[in-house]
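Please read the structure below before turning to the comments.
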């Protein structure tokens, strides 16, 4: 594996999003899997997409990289929506999801800062 101190691996947003992937996996194990594309599966796919977009876009130039950051931010918003839906439908409790929601909010702030910084590149 490459040196973790270089490239996208050093980004707080990427590191935090990997932690979010793990948190979502843990809480989604308690959600019902009533069908192949159920809410737990969607939550896991969405959470995995955030660090993937950051890694994928890292080698791109300004506007292209910003597009990946914005896509990661949009995916994160969709994940937050799915978490809220899981709580609303009683699949997960607010106590189960609170740490993941707080982490998602922090990642959202980081992604917003990144997108703003890349806006004029």
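Residue numbers (my numbering): 397 to 517. Glycine is no exception: its CB is placed at the ideal position from the N, C-alpha and C atoms. Computed from a prediction, not measured in an experiment: that's the story for all the values here.
Between residue 428 and residue 466, the alpha-carbon positions lie close to 30 Å from each other.
For residue 402, the secondary structure class from DSSP, reduced to helix, strand or coil, is coil. In this structure, residue 500 lies away from residue 474, with their beta-carbon atoms at least 8 Å apart. Taking C-beta atoms as the reference points, residue 424 and residue 409 fail to come closer than 8 Å. Positions of the alpha helix (DSSP H) runs, each at least 4 residues long and wholly inside the stretch 423-483, are given as 435-453 in order along the chain. Note that the C-beta distance between residue 503 and residue 414 is not below 8 Å.
In this structure, residue 506 places its C-beta atom within 8 Å of the C-beta atom of residue 412.
Using a 10 angstroms sphere on the CB of residue 490, the tally of other CB atoms stays under 16, which defines it as exposed. Residue 418 sits in a helix when the DSSP states are folded into three classes.
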